[in-house]
Amino acid sequence: MTLFRTLAPMGLALALLLPAAVPAAAQQGPLRIQITEGVIEPLPFAAPDFVAENAGASELARDMARVIASDLSGTGLFREIPASAHISRVTSFEAPIAYGDWKAINAQALITGSVSASGDRVVVKFRLYDVFSDQPLGEGLQFAGSASGWRRMAHKVADVAYSRITGEGGYFDSRVVFVSESGPKNARAKRLAVMDYDGANVQYLTDSSSIVLAPRFSPTGDRILFTSYSTGFPRIYLMDVGSLATRSLAEQPGTMTFAPRFAPDGRTVAFSLEQGGNTDIYTLDTGSGTRRQLTNSPSIETAPSYSPDGSQIVFESDRSGGQQLYIMPAGGGEPRRISNGAGRYGTPVWSPRGDLIAFTKQHQGRFHIGVMRTDGSEERLLTASFLDEGPTWAPNGRVLMFTREGAGAGGQPALYSVDISGRNLKKVPLSVPASDPAWSPLLP
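For reference, each letter of the sequence shown is one residue, going -26 to -1, 1 to 418 in mature numbering (1 follows the signal peptide of the UniProt record, and there is no 0).
The following block contains the structure:
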């Protein structure tokens, strides 16, 4: 069984339905959410069930529309108008839009679509409309693939709608690798698992025979780095997500390796190596095996994360006496401290946009997920709880996912997400305790 068995084989195709049929002005359209740090009134939209083009598509037509609506509503930027309030009923994908009926219920955006199914092949068509301008917002699109990949096609539709209305990249067609936990806290079993960004389609990648930590996707989403205690000591491993074949990296007697992360080139890995009581940051070329030491300080240097252009690395260190964040050139060199507030800072992660660094902060008995500019300015704390840690960025740099654990012996770790404005904090719906999330790039 391969990891992306519902994704890679389906041969997802994209085609325009309306080539050159929509004027340039209509493609831009006045419908747009301006995302700021202030309070946003969610944009009301309607997403009636898609039209089933044949008998075998009825259930898919309904389910796809529900996933699309859930994706958009889940951002906190959109509010779905329930079907019970609809005046018009969409019974044909090609029928003219009764804009007046949608205006009457205050829908500002309308998503219509159709689904056909033949054997294992599914085709979905959709259009996005600016209701108050009485026109389509961009061109209609078509996705085709296997029936097992229908949720991915729905996520792709939602990504297009999100991007056209917000002007930002989408993130719904992505996956998250995480650590699934079970058992009592003094005998915890931890195994790698992967899910759709919304908690669906959970698949397990390792068994529970050894503790695993800190999984990280490659820039192309086809490999995963993680730390395992299978030998009794932490050591980094590399897994191919198609075959699940796994091999250890940076083996050296008498050392412990952990906290790995890919460089943007997908070939270089930065990680921490502990030897003789000292922990420094190294890089490894996964092809040649060449290793290079980047830091050399009598302190703990760990959690490296590359800038999107690969030129710099942010990491955590206690070289100043407390746990703080530093940036250095990707090839090594004198680091500069960027965290300057009270408390301890750790687990820094560079935004895909390159403009922000997310981190974990511990201060006055509370844990926070926060963001700051790359020079350390404009620090903002987005969450606060007994234990929040380990942020990871959505592919568009708009949302963070992290681990939250409650107080007391019965507190179980869970995954949460939050917008970088600090709004829309919500729990990822999983049936098992979970920690250490890492978001994939958008899937190809």
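Every residue, glycine too, gets a C-beta built ideally from N, C-alpha and C.
1. Would you list the residues sitting across from Met302 in a DSSP beta bridge?
2. Where does Ala(-1) fall in DSSP's three states?
3. Looking at the structure shown, is His129 part of a helix, part of a strand, or coil, going by DSSP?
4. Report yes if the C-beta distance between Asp259 and Ser273 is below 8 angstroms; otherwise report no.
5. Is Asp133 buried or exposed, if buried means 16 or more other CB atoms sit within 10 Å of its CB?
6. Residue range of the alpha helix (DSSP H) that Ile85 falls in?
7. Counting only the same chain and skipping the five closest in sequence on each side, list residues whose C-beta sits under 6 angstroms from that of Arg101.
8. With DSSP as the reference, label Glu33 as helix, strand or coil.
9. Does Asp108 pass the burial test, meaning 16 or more other C-beta atoms within 10 Å, or should it be called exposed?
10. What's the call for Gly296, buried or exposed, on a 16-neighbour Cβ count within 10 Å?
11. Identify the continuous beta strand (DSSP E) that holds Gly364 and give its terminal residues.
12. Can you find at least 3 beta carbon pairs, one from the stretch 155 to 164 and one from the stretch 65 to 77, that sit closer than 8 angstroms?
13. Is Asn160 helix, strand or coil by DSSP?
14. Under 7 angstroms Cβ to Cβ from Gly30, same chain only, skipping five residues before and after it: list those, please.
15. So is Pro22 buried or exposed if we call it buried at 16+ other beta carbons inside 10 Å?
16. Examine the Cβ distances between the stretch 274 to 294 and the stretch 240 to 255 and report whether three or more of them are shorter than 8 angstroms.
17. Considering only their Cβ atoms, is the gap separating Tyr171 from Tyr136 smaller than 8 angstroms?
18. Below 8 angstroms on the Cβ atoms is my contact criterion, and I expect Phe376 with Pro365 to pass it. Report the Cβ-Cβ distance as a whole number of Å.
19. To the nearest angstrom, report how far apart Thr264 and Arg197 are at their CA atoms.
20. Can you pull the DSSP bridge partners for Tyr280?
21. Work out the CA separation of Arg372 and Thr49 for me, nearest whole Å.
22. Relative to the alpha-carbon of Thr140, which residue among Leu361, Leu356, Arg354, Pro16 has its alpha-carbon at the smallest distance?
23. Is Asp75 helix, strand or coil when you go by DSSP?
Walking through what the data contain:
1. Ile287
2. The pLDDT assigned to Ala(-1) is 36, lower than 50, so where the model puts this residue is not dependable, and the model offers no usable value.
3. helix
4. Between Asp259 and Ser273, the C-beta spacing is not below 8 angstroms.
5. buried
6. Per DSSP, Ile85 belongs to no alpha helix (DSSP H); it is in the beta strand (DSSP E), 83 to 92.
7. Thr86, Pro110, Gly114
8. helix
9. exposed
10. exposed
11. According to the DSSP assignment, Gly364 belongs to the beta strand (DSSP E) that extends over 361 to 367.
12. no
13. helix
14. Ala91
15. buried
16. yes
17. no
18. 5 angstroms
19. 19 angstroms
20. Ile287
21. 10 angstroms
22. Pro16
23. helix
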